[in-house]
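So the protein sequences, as listed, match chains V and S. For the first sequence, the UniProt record's numbering gives the first residue as 1, with consecutive numbering after it. For the second sequence, the UniProt record's numbering gives the first residue as 1, with consecutive numbering after it. Even glycine gets a Cβ: it sits at the ideal position worked out from N, Cα and C. Every value quoted in this text rests on a predicted model; they were computed, and no experiment measured them.
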Amino acid sequence: MRLQLDVSAMKASVHRNRWRRTLSEAFWGGFFLLPQLIGLVTFSLIPLVIVLWLSLVHWDGLGEVQFVGLQNFIDQLSDPNLRIAFVNTTIYTLITVPGGILLALLVALGLNKVRGKTIYRIIYFMPVVTSSVATGVIWLWLLNSDAGFINVLLRSWFNIEGPAWLIDAHWVIPSISIVSIWSSLGSNMVIFLAGLQNIPSTYIEAARIDGANRFQLFWKVTLPLLSPTLFFITVLSIISSFQVFDQTFVMTQGGPDKASYTIVYHIYNLSFRQFTFGPASASAMILFAVLLVLTLIQFAFQKRWVNYDL
Amino acid sequence: MLQEAVKTSKPVFQARRPRQKQRSIAGSMLAALIHVLLIIGAIIMAGPFIWMAVTSLKEDSQAFQDPLSLLPNPIVWQNYPASLQAMPFGQAYWNSFYIAIVVVACELITTAMAGYAFARIRFPGRNIVFVLFLATMMIPFQLTIIPRFLIMQRLGWLDNHLALIVPAALFDAFGVFLMRQFILGIPKELEEAAIIDGANRWQIFWHVILPLLKPPMAALGIFTFLGQWNSFFVPLIMLSSPDLYTVPLLLNQFREQYTSQWALMMAGSMIAVLPVLLVYVLGQRQIIQGIALTGLKS
Numbered sequence: 001m002r003l004q005l006d007v008s009a010m011k012a013s014v015h016r017n018r019w020r021r022t023l024s025e026a027f028w029g030g031f032f033l034l035p036q037l038i039g040l041v042t043f044s045l046i047p048l049v050i051v052l053w054l055s056l057v058h059w060d061g062l063g064e065v066q067f068v069g070l071q072n073f074i075d076q077l078s079d080p081n082l083r084i085a086f087v088n089t090t091i092y093t094l095i096t097v098p099g100g101i102l103l104a105l106l107v108a109l110g111l112n113k114v115r116g117k118t119i120y121r122i123i124y125f126m127p128v129v130t131s132s133v134a135t136g137v138i139w140l141w142l143l144n145s146d147a148g149f150i151n152v153l154l155r156s157w158f159n160i161e162g163p164a165w166l167i168d169a170h171w172v173i174p175s176i177s178i179v180s181i182w183s184s185l186g187s188n189m190v191i192f193l194a195g196l197q198n199i200p201s202t203y204i205e206a207a208r209i210d211g212a213n214r215f216q217l218f219w220k221v222t223l224p225l226l227s228p229t230l231f232f233i234t235v236l237s238i239i240s241s242f243q244v245f246d247q248t249f250v251m252t253q254g255g256p257d258k259a260s261y262t263i264v265y266h267i268y269n270l271s272f273r274q275f276t277f278g279p280a281s282a283s284a285m286i287l288f289a290v291l292l293v294l295t296l297i298q299f300a301f302q303k304r305w306v307n308y309d310l
Numbered sequence: 001m002l003q004e005a006v007k008t009s010k011p012v013f014q015a016r017r018p019r020q021k022q023r024s025i026a027g028s029m030l031a032a033l034i035h036v037l038l039i040i041g042a043i044i045m046a047g048p049f050i051w052m053a054v055t056s057l058k059e060d061s062q063a064f065q066d067p068l069s070l071l072p073n074p075i076v077w078q079n080y081p082a083s084l085q086a087m088p089f090g091q092a093y094w095n096s097f098y099i100a101i102v103v104v105a106c107e108l109i110t111t112a113m114a115g116y117a118f119a120r121i122r123f124p125g126r127n128i129v130f131v132l133f134l135a136t137m138m139i140p141f142q143l144t145i146i147p148r149f150l151i152m153q154r155l156g157w158l159d160n161h162l163a164l165i166v167p168a169a170l171f172d173a174f175g176v177f178l179m180r181q182f183i184l185g186i187p188k189e190l191e192e193a194a195i196i197d198g199a200n201r202w203q204i205f206w207h208v209i210l211p212l213l214k215p216p217m218a219a220l221g222i223f224t225f226l227g228q229w230n231s232f233f234v235p236l237i238m239l240s241s242p243d244l245y246t247v248p249l250l251l252n253q254f255r256e257q258y259t260s261q262w263a264l265m266m267a268g269s270m271i272a273v274l275p276v277l278l279v280y281v282l283g284q285r286q287i288i289q290g291i292a293l294t295g296l297k298s
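Here you go:
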């Protein structure tokens, strides 16, 4: 009897202790999480709810709110401006992503082979840390059609009349792509280099002993082992290339005649120039949907070519 | 067995020798070729910066008529004081600098705190909240920027640096994730000793965990600083008074106002770019290791 009582008292005390512990863990958890949790709620979750709601209304920020259902989406999807922006952004992505990845991979493969990595790395990485406005201003002058460095160089060294770059509707997107590839080459290169250095040298040696030549070594060993890095960079590059804004804003303001008008430029125009928050929110959600679908497609196809068995 | 292996290894080595020599000649030819290509690439990468520096010292007429020349003739230092006078760069520098420093300091503490909560404290709802943090990393910021603008308007923080500082200081899902991963790798024994000594959670965090977080803090801190310093879109929509402008905003305004004065523009760009490039060259090892470590893109 006595013994039993003691056991139940012990049980109760253990229970109480556990309770106190849970309570204390909840307190400290809340305490440590509080600042970032406030941030998450105020600057991400609440804005998500608001943008959903905004996409369903007409509102200029001051006047009355008018509920319009899906009208903003219908309007946006048939808006010629969004279509132009979408086409421009797609062309820009088709040039920038493959071009940028291929160049970064080549540079990383080269750097992986030679001495003196550090000095090359410092130079190739410089544009990454530089403000996009500053690089935009520099390239604005380099690409000037009359007296810019590039066209004067082409004229006096090769006797070629260069294109009008940023003021020619056909050349403006390729021009901005060149600037973007130049700006982001360093960061992709560094990620590729890290991926290359993670490949165990035993794999390479084994292939070499089996008589593989350089070409086979690259296609059959290095590239498959690098495929997770390649996948990672492709996903991130496509996302960031669909969000291009700074370069077009600084160098062309979307011109000439909307030839470099991009999706984010469109969202910026609708929201912060014209203060039509409803259509702007709808087009932002369309952009999000496009990015989501593109990323999901890439994840669906990754098992066909990405090799994770390391 | 081992002896045998040692014995046999020698002839094998000798047999391969001539082939290796052949390969090393081909190898050094290849290395030379790669160097040549890399140097051409380096000239293209550094060229715009060199051209900016050279042009900033030219006379306007030379900048326009002779853009290829690498020698400013005469050397015009006047472009620098002139562009400092044309635009309040001093003020913009101070704005950019103090905003970036405050954001980095607050962000490092708050992300470390949240990372600690997720890694070590078993509070109810932990997993759900963590998944929420991860999920927000996939949302493009264009989706939340319009409501954020409206929230700032409501708070009366438009055209105020608080609109730039507070969100960045209080919300960085990637930073939280990075800190959590790093704290998970710290052995628990280090904290248990402190618990036996009667320390509470805050004391453990402050005296045991925080000193061990130097590597992720250095990487995250440098990236946040550069990101804040170079940030353009958010300041562009939040700020409207020129005396509140950050360096990229001011440079953009400079571009609008002095469209045809190349030398002056390039001096202005030099002023805007130089401090970051200096910081970068001094801290490049940490920056590049950080990028490789985290896969972070600035």
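Chain V contact for residue i (CB, 7 Å cutoff)
i              : result
residue 9(S)   : Unreliable placement is indicated for residue 9(S), whose pLDDT of 40 sits below 50; the coordinate value is still reported in the next sentence. No, residue 9(S) does not count as interfacial toward chain V.
residue 176(S) : yes
residue 13(S)  : With a pLDDT of 42 at residue 13(S), under the threshold of 50, the modelled position of this residue cannot be trusted, and the question is left open.
residue 103(S) : no
residue 224(S) : no
Cβ of residue i within 7 Å of any chain S Cβ
i              : result
residue 40(V)  : yes
residue 35(V)  : yes
residue 205(V) : no
residue 117(V) : no
residue 261(V) : no
residue 25(V)  : yes
residue 110(V) : yes
C-alpha gap between residue i and residue j, whole angstroms
i              : j              : result
residue 232(S) : residue 248(S) : 6 Å
residue 111(S) : residue 175(S) : 6 Å
residue 114(S) : residue 52(V)  : 28 Å
residue 184(V) : residue 246(S) : 23 Å
residue 144(S) : residue 202(S) : 33 Å
residue 136(S) : residue 285(S) : 30 Å
residue 107(V) : residue 56(S)  : 30 Å
residue 71(S)  : residue 54(S)  : 7 Å
residue 157(S) : residue 278(V) : 22 Å
residue 49(S)  : residue 62(V)  : 45 Å
residue 149(S) : residue 293(V) : 27 Å
residue 103(S) : residue 229(S) : 11 Å
residue 305(V) : residue 199(V) : 17 Å
residue 308(S) : residue 52(S)  : Not covered by the structure: residue 308(S). The range shown for chain S is 1 to 298.
residue 139(V) : residue 205(V) : 44 Å
residue 86(V)  : residue 30(S)  : 43 Å
residue 10(S)  : residue 116(V) : Caution is warranted here: a pLDDT of 40 is assigned to residue 10(S), below 50, making its placement in the model unreliable, and the coordinate value is therefore given only provisionally. Answer to the nearest angstrom: the Cα atoms are 33 Å apart.
Beta-carbon separation (whole angstroms), residue i vs residue j, contact threshold 8 Å
i              : j              : result
residue 347(V) : residue 195(V) : Outside the shown range of chain V, which is 1 to 310, sits residue 347(V), and nothing can be said about it.
residue 242(V) : residue 287(V) : 7 Å
residue 112(V) : residue 193(V) : 6 Å
residue 54(V)  : residue 146(S) : 7 Å
residue 137(V) : residue 251(S) : 6 Å
residue 73(S)  : residue 264(S) : At roughly 18 Å, the Cβ-Cβ gap does not stay under 8 Å, so residue 73(S) and residue 264(S) are not in contact.
residue 57(V)  : residue 49(V)  : At roughly 13 Å, the Cβ-Cβ gap does not stay under 8 Å, so residue 57(V) and residue 49(V) are not in contact.
DSSP three-state assignment for residue i, whether helix, strand or coil
i              : result
residue 355(V) : There is no way to answer for residue 355(V), as the model of chain V reaches only from 1 to 310.
residue 58(V)  : strand
residue 262(S) : helix
residue 245(S) : coil
residue 21(V)  : helix
residue 48(S)  : helix
residue 306(S) : Since the displayed chain S opens at 1 and closes at 298, residue 306(S) lies outside it and no answer follows.
residue 155(V) : helix
residue 161(V) : coil
residue 70(S)  : coil
residue 131(V) : coil
residue 304(V) : helix
residue 93(S)  : helix
residue 244(V) : coil
residue 78(S)  : coil
residue 53(V)  : helix
residue 195(V) : helix
residue 125(V) : helix
Residue i CB to nearest heavy atom of the ligand GTP below 6 Å
i              : result
residue 276(V) : What this structure holds is no ligand at all, so the ligand GTP is not there to describe.
Assess, as a yes-or-no matter, whether the stretch 205-223 of chain V is touched by the stretch 124-139 of chain V under the definition of 3 or more beta carbon pairs within less than 8 Å.
Contact fails: fewer than three Cβ-Cβ distances are below 8 Å.
Okay, do the stretch 123-130 of chain S and the stretch 235-244 of chain S touch, 3+ Cβ pairs below 8 Å being the bar?
Touching, no.
Three or more C-beta pairs below 8 Å linking the stretch 174-194 of chain S and the stretch 55-63 of chain S
Contact between the stretch 174-194 of chain S and the stretch 55-63 of chain S is not established, with fewer than three Cβ pairs separated by less than 8 Å.
Okay, do the stretch 114-122 of chain V and the stretch 257-275 of chain S touch, 3+ Cβ pairs below 8 Å being the bar?
Output reads no: the stretch 257-275 of chain S does not touch the stretch 114-122 of chain V.
Any 3 or more C-beta pairs closer than 8 Å across the stretch 25-37 of chain V and the stretch 244-261 of chain V
With a cut-off of 8 Å, the stretch 244-261 of chain V and the stretch 25-37 of chain V do not count as touching, because too few Cβ pairs lie within range.
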